[in-house]
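Notes for the one structure printed next.
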């Protein structure tokens, strides 16, 4: 973490450390501020909240929405819930990986990341995905190709 990030974490710790049950809200606040939860914060959180490092790491690793690496510039979240799977989500995930040259959860150059998620709340319009926070429904392979191309071009 750089000095500015350390100052942000210190300010958040000062705000939250005396609140009961502060770990989850504090982790969310750190991720909202920095875009991720650096592993450097674990000892600080542990000491400030009187928790073991294992407890802090356990919470971070249990909740899949906490990122422990800086986020990629573009995020593609493919819904893998039952209705989306039946409607072809696995093929969409494979196509995205092929077109972007990465596997789920990876980011080769910090530009793209594909994550599999379980339910985007659009079951009636499967398959669904979220590209850079925007929900897209009834996505076909052709539509996914268009979405990725538009995002690459900055459209």
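Numbering (this note's numbering), first residue to last: 318 to 472.
Note that the Cβ used here is the ideal one computed from N, Cα and C, for glycine as well.
This structure is a prediction, so every number in the text was calculated from the model and none was measured.
Segment limits, alpha helix (DSSP H) that includes residue i
i           : result
residue 359 : 358-366
residue 383 : Residue 383 -> no alpha helix (DSSP H), and no H or E assigned at all.
residue 341 : 340-351
Same chain, Cβ closer than 8 angstroms to residue i, neighbours up to 5 away in sequence not counted
i           : result
residue 368 : 340 and 362
residue 408 : 458
residue 472 : For residue 472, the predicted structure reports a pLDDT of 49, less than 50, and the residue's modelled location is therefore unreliable. The matter cannot be settled from this model.
residue 427 : 387, 389 and 390
residue 456 : 409, 444, 445, 446 and 464
6 angstroms Cβ shell around residue i - same chain, five flanking residues per side excluded
i           : result
residue 322 : 351
residue 384 : 353
residue 425 : 419
Nearest to residue i (by Cα), restricted to the options the options
i           : options               : result
residue 431 : 364, 388 and 346      : 388
residue 336 : 365, 444 and 460      : 365
residue 449 : 358, 346, 349 and 393 : 393
residue 398 : 462, 320, 470 and 434 : 434
residue 429 : 437, 416 and 438      : 416
residue 356 : 412, 326 and 334      : 326
Between the CA atoms of residue j and residue i - distance to the nearest angstrom
i           : j           : result
residue 401 : residue 343 : 33 angstroms
residue 441 : residue 447 : 15 angstroms
residue 404 : residue 420 : 21 angstroms
residue 406 : residue 318 : 36 angstroms
residue 374 : residue 354 : 10 angstroms
residue 396 : residue 410 : 9 angstroms
residue 380 : residue 463 : 32 angstroms
residue 451 : residue 320 : 32 angstroms
residue 438 : residue 461 : 19 angstroms
residue 382 : residue 423 : 15 angstroms
For residue i, the first and last residue of its enclosing beta strand (DSSP E)
i           : result
residue 429 : 429-434
residue 394 : 391-396
residue 452 : 451-453
residue 447 : 446-448
7 angstroms CB neighbourhood of residue i in its chain, flanking five on each side removed
i           : result
residue 329 : 343, 346, 347 and 350
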